[in-house]
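> Quick note: the sequence shown uses this note's numbering, first residue 151, plus one each step.
Structure provided below as structure tokens; questions to follow.
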Amino acid sequence: MTSISGKTDIDWGAFAAALAPVEVISETVLVKKRSRDFFWYSPILNARLKRCFADLIARPKDVGELKQCLSAAYDAGVPVVLRGGGTGNYGQAVPMDGGLVLEMTAMNKVLEIGEDFVRVQAGALMKDINAALAESGREMCMFPSTQEIATIGGFVAGGSSGIGSIANGMLRDPGNLRALKAMSVTDTPEERRFEGAHVMQIHHAWGLNGVITEVTIRTVPLQDWIGCMATFDTYEGAYAAGYALAQRGDIGPKLISTVDARITTYFPRLDGKIRANKHLLVSMIPAAQASTFAALMEAEGGYVDLMMTDTERGDAGIPHVYDFSYNHTTLQVLKADRSATYQQVGCPSPPDPQAIADLREHLTDDVWNHHEFSRVDGEIVTFDLPIIWYRDADQLAAINAIYEDNGFPVYDAHTWQVEGGGLKNADYRHLAWKKRMDPKGLLNSAKSMAWDSVKDLSPEEIEAMSTP
Ligand SMILES: Cc1cc2nc3c(=O)[nH]c(=O)nc-3n(C[C@H](O)[C@H](O)[C@H](O)COP(=O)(O)OP(=O)(O)OC[C@H]3O[C@@H](n4cnc5c(N)ncnc54)[C@H](O)[C@@H]3O)c2cc1C
Numbered sequence: 151m152t153s154i155s156g157k158t159d160i161d162w163g164a165f166a167a168a169l170a171p172v173e174v175i176s177e178t179v180l181v182k183k184r185s186r187d188f189f190w191y192s193p194i195l196n197a198r199l200k201r202c203f204a205d206l207i208a209r210p211k212d213v214g215e216l217k218q219c220l221s222a223a224y225d226a227g228v229p230v231v232l233r234g235g236g237t238g239n240y241g242q243a244v245p246m247d248g249g250l251v252l253e254m255t256a257m258n259k260v261l262e263i264g265e266d267f268v269r270v271q272a273g274a275l276m277k278d279i280n281a282a283l284a285e286s287g288r289e290m291c292m293f294p295s296t297q298e299i300a301t302i303g304g305f306v307a308g309g310s311s312g313i314g315s316i317a318n319g320m321l322r323d324p325g326n327l328r329a330l331k332a333m334s335v336t337d338t339p340e341e342r343r344f345e346g347a348h349v350m351q352i353h354h355a356w357g358l359n360g361v362i363t364e365v366t367i368r369t370v371p372l373q374d375w376i377g378c379m380a381t382f383d384t385y386e387g388a389y390a391a392g393y394a395l396a397q398r399g400d401i402g403p404k405l406i407s408t409v410d411a412r413i414t415t416y417f418p419r420l421d422g423k424i425r426a427n428k429h430l431l432v433s434m435i436p437a438a439q440a441s442t443f444a445a446l447m448e449a450e451g452g453y454v455d456l457m458m459t460d461t462e463r464g465d466a467g468i469p470h471v472y473d474f475s476y477n478h479t480t481l482q483v484l485k486a487d488r489s490a491t492y493q494q495v496g497c498p499s500p501p502d503p504q505a506i507a508d509l510r511e512h513l514t515d516d517v518w519n520h521h522e523f524s525r526v527d528g529e530i531v532t533f534d535l536p537i538i539w540y541r542d543a544d545q546l547a548a549i550n551a552i553y554e555d556n557g558f559p560v561y562d563a564h565t566w567q568v569e570g571g572g573l574k575n576a577d578y579r580h581l582a583w584k585k586r587m588d589p590k591g592l593l594n595s596a597k598s599m600a601w602d603s604v605k606d607l608s609p610e611e612i613e614a615m616s617t618p
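If you want it as structure tokens, here you go:
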């Protein structure tokens, strides 16, 4: 069997046979499909990654099979990329060096439900974890808007926040991610347990320093959530109402997003359900707070268009409200027009509607705002995931410069290397653990700018490069 990636020199037929009884996928069409994620949101990443393919997919169903795959990869010097649901936005799960993609979705057991935590295998889908938790009146402290198809391992390795973050903070905030187990890519792969602050050695490392096998994450009481939408005459009005709502502990929202009116014209499934050409606030609140929420929105100059339980929403044929939040907002636009893209931008804190209005003067009509409200270390913050009408890389660089020059840091969504996005700098703790867990540098190494410059150092030498 020849190499699909064109980048490896190995007898893939023999390699696949040696993995038996592990399920493998070798049909070219399917291998190519499972080599992709949502990198196509970015025209820059699309150009760079669309021809990067694996050579073989394996789908281990338990820790023993996973060990077998990793040991075989280590012996043969085969590059390995982990894959959960493949919903990452930056090509995180794209095998740039060819080789083996390990799809984790068969390792999907809920192992333990504790009083305020759940311990699960890394390939479990988050919607399944939440369904299991619902039986005991709990839910994950946060989950991404892709919970229907994304795995907890992918969220921990590649994600950062989601529905629940306005109440419970970022995934990295202390107490949310309680413990992890990760497996090494060595002759005899071993699982190591990371607890408390040590989870940061693995969290958001894009699967380049160990294979996450198990996750323990905080749970919170499940409430009788309703999805709400309110509309406003100005974007600043919606943003101010979002901030006012975020401060209302008595209402206790788990989602607050604001969306420019022009973006809402790409939401055909909301036609007739929300006022046309108005700026939108999307939220999830406990049903018992419906009248308090409505009073607040009206006091802020808004109009409450929609408040629905899940059952009412299903009956009305309306998608979940979080289909209009986080990167689902971008997806709604991309469904209609692939010339759109987006960016990830931090905002001045505390949230200031005037700062958003002032910035718009500089951004021109190529940029349409969409903010998510969250908490970091207990403080309310917002970040902008704007729609950008893309012409070329120079235009995008100019837009980034406008944001940065006005005090809005850009966490570039158009980079395939972990240091280029939210991290901004190399995380030498991640790389020290990569040296320990993956001494041959087989795990997703193309996704680190800094790895090549440290790969010949000892883990201790690499760790010493971390800024205190
Ligand atoms: C429409 C849309 C909406 C989104 N909304 C959100 C959101 O609300 N919040 C958010 O944070 N993100 C969001 N994302 C990004 C993404 O969906 C999430 O981060 C998701 O949790 C990734 O899970 P996954 O299983 O699809 O991971 P994948 O895309 O398969 O993998 C992500 C990264 O994790 C690595 N990985 C996967 N499994 C393992 C493992 N077991 N061990 C080690 N590494 C592993 C992969 O190699 C890759 O580097 C969104 C993306 C889209 C397209």
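Backbone N, C-alpha and C fix where the C-beta goes; we use that ideal spot for every residue, glycine too.
1. Tell me where the beta strand (DSSP E) around Q271 begins and ends.
2. Would a C-beta distance cut-off of 7 Å place G360 and M587 closer than the cut-off?
3. Between which residues of its own chain and E529 is the CB-CB distance below 7 Å, once the five residues before and five after are set aside?
4. CA-CA distance, F523 and A170?
5. Could you please give me the residues that DSSP links to L405 through a beta bridge?
6. Starting from the Cα of P501, find the closest Cα among I175, S192, A391 and give me that residue.
7. Would L372 and G287 qualify as a contact pair, given that the criterion is a beta-carbon distance under 7 Å?
8. Return the first residue and the last residue of the alpha helix (DSSP H) that R186 is part of.
9. In this structure, how does DSSP classify I367 when only helix, strand and coil are distinguished?
10. Looking at C-alpha atoms only, which residue of V526, L593, T336 is the closest neighbour of I316?
11. Under 6 Å from any heavy atom of ligand 1, does the C-beta of W356 make it?
12. Please classify H512 as buried or exposed, where buried requires at least 16 neighbouring CB atoms within 10 angstroms.
13. Shorter than 6 Å, the distance from the beta carbon of L481 to the closest heavy atom of ligand 1, or not?
14. Just checking, does the segment 464-479 make contact with the segment 419-430 on the three C-beta pairs under 8 Å criterion?
15. Is it buried or exposed for S489, if we count other Cβ within 10 angstroms and need 16 for buried?
16. Any heavy atom of ligand 1 inside 6 Å of the beta-carbon of G451?
17. So, do the segment 183-196 and the segment 564-571 have three or more beta carbon pairs nearer to each other than 8 Å?
18. Compare the Cα-Cα distances from V335 to each of P229, G570, L607 and report the closest residue.
19. Provide the residue span of the beta strand (DSSP E) that contains T341, from first to last.
20. Does D473 come out as helix, strand or coil in the three-state DSSP assignment?
21. I'd like the span of the alpha helix (DSSP H) that includes M276, first residue to last.
22. Determine, using beta carbons only, whether E177 and R209 come nearer to each other than 7 Å.
23. For ligand 1, is there a heavy atom less than 6 Å away from the beta-carbon of T296?
24. At the level of alpha carbons, what is the spacing between D383 and L431?
25. Hey, would you say C202 sits closer than 7 Å to M257, going by beta carbons?
26. Grab the span of the alpha helix (DSSP H) containing L456 for me, first residue to last.
27. Measure the beta-carbon distance from K597 to Q242 and round it to whole angstroms, keeping in mind my assumption that it falls under 8 Å.
28. As a quick exercise: from D205, D374, Y578, T479, pick the residue whose alpha carbon is nearest that of E462.
29. So what does DSSP say about M246, is it helix, strand or coil?
30. May I ask which residues mark the beginning and end of the beta strand (DSSP E) holding M290?
31. Could you pull the start and end residues of the beta strand (DSSP E) that R233 belongs to?
32. Within 10 angstroms of its Cβ, does S475 collect 16 or more other Cβ (buried), or is it exposed?
33. Terminal residues of the continuous alpha helix (DSSP H) containing L199?
34. Say the cut is 6 Å; is the CB of F188 nearer than that to a heavy atom of ligand 1?
35. When the cut-off is 7 Å and only beta carbons count, does L206 lie next to chain C?
36. What does the alpha-carbon distance come out to for the pair M292 and T479?
In this structure, then:
1. 267-271
2. yes
3. S499
4. 47 Å
5. M434
6. A391
7. yes
8. It is not in any alpha helix (DSSP H) - R186 carries neither H nor E in the DSSP assignment.
9. strand
10. V526
11. yes
12. exposed
13. yes
14. yes
15. exposed
16. no
17. yes
18. P229
19. Reading the sequence as shown, one finds Glu at residue 341 and not Thr. Residues 341-345.
20. helix
21. 276-284
22. no
23. yes
24. 11 Å
25. no
26. Element bounds for L456: not the alpha helix (DSSP H) but the beta strand (DSSP E), 453-458.
27. 7 Å
28. D374
29. coil
30. 288-290
31. 230-233
32. buried
33. 193-199
34. yes
35. Among the chains of the structure shown, chain C does not appear; only one protein chain is present.
36. 18 Å
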